Amino acid sequence: MYKIAIIEEFHKAGLELLDKHKDFNYEIINDASEENLIKKLPEFDGCTLRLSKLNSKILQNCKKLKVISRHGVGYDNVDIDFLKKNNITLLITSNANHVAVVEHTMYMILSIAKGIVSHDKAVRDGSFKKGISKIETFEISNKEILIIGCGRVGKSLVKKLQSFNMNIKIYDPYVDTKIITKLGGIKVDNLNESIQNADIITLHIPLNKNTKNLINITNLSLMKKNTILINTSRGGIVNEKDLDVALKKNMIFGAGLDVFEEEPLDQKSPLIKNKKILLSPHSATFTNECKIRMSKLTIQNIIDFFEKKMDKSMVVT
Ligand SMILES: NC(=O)c1ccc[n+]([C@@H]2O[C@H](COP(=O)([O-])OP(=O)(O)OC[C@H]3O[C@@H](n4cnc5c(N)ncnc54)[C@H](O)[C@@H]3O)[C@@H](O)[C@H]2O)c1
Numbered sequence: 107m108y109k110i111a112i113i114e115e116f117h118k119a120g121l122e123l124l125d126k127h128k129d130f131n132y133e134i135i136n137d138a139s140e141e142n143l144i145k146k147l148p149e150f151d152g153c154t155l156r157l158s159k160l161n162s163k164i165l166q167n168c169k170k171l172k173v174i175s176r177h178g179v180g181y182d183n184v185d186i187d188f189l190k191k192n193n194i195t196l197l198i199t200s201n202a203n204h205v206a207v208v209e210h211t212m213y214m215i216l217s218i219a220k221g222i223v224s225h226d227k228a229v230r231d232g233s234f235k236k237g238i239s240k241i242e243t244f245e246i247s248n249k250e251i252l253i254i255g256c257g258r259v260g261k262s263l264v265k266k267l268q269s270f271n272m273n274i275k276i277y278d279p280y281v282d283t284k285i286i287t288k289l290g291g292i293k294v295d296n297l298n299e300s301i302q303n304a305d306i307i308t309l310h311i312p313l314n315k316n317t318k319n320l321i322n323i324t325n326l327s328l329m330k331k332n333t334i335l336i337n338t339s340r341g342g343i344v345n346e347k348d349l350d351v352a353l354k355k356n357m358i359f360g361a362g363l364d365v366f367e368e369e370p371l372d373q374k375s376p377l378i379k380n381k382k383i384l385l386s387p388h389s390a391t392f393t394n395e396c397k398i399r400m401s402k403l404t405i406q407n408i409i410d411f412f413e414k415k416m417d418k419s420m421v422v423t
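Sequential numbering of the sequence shown, starting at 107, is according to the working numbering.
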């Protein structure tokens, strides 16, 4: 019998798969503090993980732990080097998330370009006609979008944008030009140059030492005044202080953020009061459909791992 720790509960659809399986039992651990995980995790053979951190201090005593199954695709919250050294497998829900993230990205782009929040407020405030004349909006058709990161989300976004008749530029040094051309995008190699021409810039890359603060005051100051910046990938890739300054100085038009340097976002953060930013609480994958897909796949990955029939596309290390 394998013991699985469910670190931070998720949709019950996945847990029902474990309920039906004779070889597994599980315990839900909602207190994901370092202190509690140091105490609890050593008794388990495998665990699931949402956004709480699994560092080496927690992992060093987990001698039974063979597998960590991420409920999601990013894994900046896990000490990868420790996993590699100690032969612990890390799995992700590879193909469960991209549809929801792409739709969330489109929602953010269109909401900002169309002034959705201000228009809604204008009607409610009784300034129906004044609202229309004062709020600046624009079309995305025939505009240039720069997609930074051409993985599962980036690729799937290209398909959606084509129907909006956009000029699609893609920056991803790790993806071959032929693949990008076949998708219908144009590969660019110089980030700072491409940033200067884009009307919309959207980030779909992992957070790591190379991408931390990738978007900062230096390249924000190169962007066009009408640029919309979207980050649905990971907090920390956009420097929040710099973004706040850039928006206050009208260096760019607006920004949409689903992810933050620290989550939950502190109510004292200047981003909270900055009306040029559309905020969401790391909720891109919180559609009814995606919650079920992620839940089932997180658990199926654990079952497949112990039954030695892993789908390689789910394995990080
Ligand atoms: N908001 C959410 O709820 C949510 C949900 C899913 C994924 N995400 C985030 O979105 C990111 C992208 O997801 P994905 O499934 O497309 O990942 P992916 O691994 O399929 O693609 C990431 C792409 O980024 C590229 N890349 C890496 N470093 C780069 C750099 N410095 N410059 C340009 N490109 C670079 C890689 O070559 C790869 O093609 C994930 O890392 C995750 O953190 C967020």
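For glycine and all other residues, C-beta sits at the position ideal for the given N, C-alpha and C.
None of the values given here were measured: they were computed from a predicted structure.
To the nearest angstrom, how far is it from the Cα of Ile135 to the Cα of Glu367?
Residue 135 sits at position 29 when you count from the first residue of the sequence shown. Residue 367 sits at position 261 when you count from the first residue of the sequence shown. Rounded to whole angstroms, Ile135 to Glu367 spans 25 Å at the Cα level.
According to DSSP, what are the bridge partners of Val421?
Mapped onto the sequence shown, residue 421 falls at position 315. Looking at the DSSP assignment, Val421 forms a beta bridge with Leu197.
Please confirm whether Leu197 and Val421 have their CB atoms less than 8 Å apart.
Your numbering for residue 197 matches position 91 in the sequence shown. Your numbering for residue 421 matches position 315 in the sequence shown. In contact: Leu197 and Val421 (Cβ atoms closer than 8 Å).
Report back the beta-carbon spacing between Thr338 and His177 to the nearest angstrom; my notes put them in contact at under 8 Å.
For the purposes of this step, residue 338 is taken as the residue at position 232 of the sequence shown. For the purposes of this step, residue 177 is taken as the residue at position 71 of the sequence shown. Contact flag wrong, Cβ pair sits at about 17 Å.
With a threshold of 7 Å (Cβ to nearest heavy atom), would Gly257 be considered close to ligand 1?
Start at 1 with the first residue of the sequence shown, and residue 257 comes out as number 151. It does: the Cβ of Gly257 is within 7 Å (strictly closer) of some heavy atom of ligand 1.
So for Glu299, helix, strand or coil by DSSP?
Working through the sequence shown from its first residue, we reach residue 299 at position 193. The answer is helix: DSSP assigns Glu299 an H, G or I state.
What I want to know is whether the C-beta of Gly178 ends up closer than 7 Å to one or more non-hydrogen atoms of ligand 2.
Ligand 2 is not part of the structure shown, which contains ligand 1 as its ligands.
Which residues does DSSP pair with Asn131 in a beta bridge?
As a working note, residue 131 is residue 25 in the sequence shown. Note: Asn131 sits in a beta bridge opposite Lys109.
When DSSP labels each residue in this structure, what does Leu171 get in the three-state scheme?
Position 65 of the sequence shown, counted from the first residue, corresponds to residue 171. Coil at Leu171, not helix or strand.
Any heavy atom of ligand 1 closer than 7 Å to the Cβ of Arg340?
The residue given as residue 340 occupies position 234 in the sequence shown. It does: the Cβ of Arg340 is within 7 Å (strictly closer) of some heavy atom of ligand 1.
Using a threshold of 7 Å, is the CB atom of Asp305 nearer than that to any non-hydrogen atom of ligand 1?
Translated into positions along the sequence shown, residue 305 becomes position 199. Not so, every heavy atom of ligand 1 lies at least 7 Å from the Cβ.
Whose CA, out of Lys382, Ala219 and Ile311, lies closest to the CA of Val259?
Position 153 of the sequence shown holds residue 259. The shortest C-alpha separation from Val259 is found at Ile311.
Since I believe Leu384 is in contact with Ile218 (beta carbons under 8 Å), could you give me their beta-carbon distance rounded to a whole number of angstroms?
Here residue 218 is taken as the residue at index 112 of the sequence shown, counted from 1. Here residue 384 is taken as the residue at index 278 of the sequence shown, counted from 1. About 6 Å separates the two Cβ atoms, so the contact holds.
What do you reckon, are the CB atoms on Asn193 and Cys396 nearer than 8 Å?
Taking the sequence shown and counting its residues from 1, one reaches residue 193 at position 87. Taking the sequence shown and counting its residues from 1, one reaches residue 396 at position 290. No.
Shorter than 7 Å, the distance from the beta carbon of Ile311 to the closest heavy atom of ligand 1, or not?
Here residue 311 refers to the residue found at position 205 of the sequence shown. Yes; taking the cut-off as 7 Å, the Cβ of Ile311 has a heavy atom of ligand 1 nearer than that.
Beta-ladder partner(s) of Arg176, from DSSP
Residue 176 sits at position 70 when you count from the first residue of the sequence shown. Per DSSP, Leu155.
Closest Cα partner of Phe150 within the set Ser233, Lys169, Lys118 and Leu123:
The sequence position of residue 150 within the sequence shown is 44, counting from 1. Among Ser233, Lys169, Lys118 and Leu123, the Cα nearest to that of Phe150 belongs to Lys169.
Assign Phe234 to buried or exposed, taking buried as 16 or more other Cβ atoms, counted over all protein chains shown, within 10 Å of its Cβ.
The residue given as residue 234 occupies position 128 in the sequence shown. Flag for Phe234 reads exposed.
Buried versus exposed, by CB contacts within 10 Å (16 or more), Ile334
By one-based count along the sequence shown, residue 334 stands at place 228. Classification for Ile334: buried.
Status (buried if at least 16 other CB within 10 Å, exposed otherwise) for Thr243
Translated into positions along the sequence shown, residue 243 becomes position 137. Classification for Thr243: exposed.
Which of the three DSSP states, helix, strand or coil, is assigned to Thr287?
In the sequence shown, counting from the first residue as 1, residue 287 sits at position 181. In this structure, Thr287 counts as helix in the three-state DSSP scheme.
Does any heavy atom of ligand 1 sit closer than 7 Å to the C-beta of Gly291?
Taking the sequence shown and counting its residues from 1, one reaches residue 291 at position 185. No; taking the cut-off as 7 Å, the Cβ of Gly291 has no heavy atom of ligand 1 nearer than that.
Extent of the continuous beta strand (DSSP E) to which Lys275 belongs:
Along the sequence shown, one-based indexing puts residue 275 at 169. Here the beta strand (DSSP E) through Lys275 covers Asn273 to Tyr277.
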